[in-house]
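Student:
Residue numbers (my numbering): -5 to 148.
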């Protein structure tokens, strides 16, 4: 699940759709949607390094455990998402309020408060910002570990 800094609001987050799948099963008409925090317009200190809103597991028809990043949305909710999304860039992007998923792990989009962002989604910039932030965090962790090792040797 997207990791927010302490005190960081779930409101007004820029998110983009990374995947959409029809729900399967009797009477199911909605969509399973994978959303990610969009790091394409974020400042380096504000980048979310684990941007998917949902990180969960499910068992396929053969009983094999697999990863999933989707949450369920009704057909009415999906219509609201499509209506509000800026579709001019590399993926559909929205400004959304998020809240904990009551039917599973992760965060879901409040489809009643969606806003259309002016800036289209830029997948290349999102990837660059996410990777750079991950590398910076990794370097900081490694630096702290070396400092601790030196302190223990003294």
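For each residue, glycine too, the CB sits at the ideal point set by N, CA and C.
So what's residue 59 in DSSP terms, helix, strand or just coil?
Tutor: Here residue 59 sits in strand by DSSP.
Student: DSSP puts residue 52 in a beta bridge; with which residues?
Tutor: Paired residues: 60.
Student: Taking C-alpha atoms, which residue in -1, 46 and 33 lies nearest to residue 102?
Tutor: Closest by alpha carbon: 46.
Student: Can you check whether the CB of residue 35 is closer than 8 Å to the CB of residue 74?
Tutor: No, these two residues do not count as a Cβ contact at 8 Å.
Student: Alpha carbons only, please: which of 69, 72, 58 and 79 is nearest the one belonging to residue 9?
Tutor: Ranking 69, 72, 58 and 79 by Cα distance to residue 9 puts 79 first.
Student: Which same chain residues, not among the five before or five after residue 117, have their C-beta less than 8 Å away from its C-beta?
Tutor: Result list for residue 117: 34, 83, 84 and 85, in chain order.
Student: Out of 51, 122, 31 and 16, which one is the CA nearest neighbour of residue 90?
Tutor: That would be 31, whose Cα lies nearest to the Cα of residue 90.
Student: Here's the rule I'm using: 16 or more other beta-carbon atoms within 10 Å means buried, otherwise exposed. How should residue 38 be labelled?
Tutor: Exposed.
Student: Between residue 81 and the rest of its own chain, which residues show a CB-CB distance below 7 Å, the 5 nearest in sequence each way excluded?
Tutor: Once the five neighbours on either side are set aside, residue 81 has no close Cβ partner at all.
Student: Does the distance from the C-beta atom of residue 95 to that of residue 48 stay below 8 Å?
Tutor: Yes, the pair counts as a contact, with Cβ atoms nearer than the cut-off.
Student: Ends of the beta strand (DSSP E) at residue 25?
Tutor: Unbroken beta strand (DSSP E) run through residue 25: 25 to 31.
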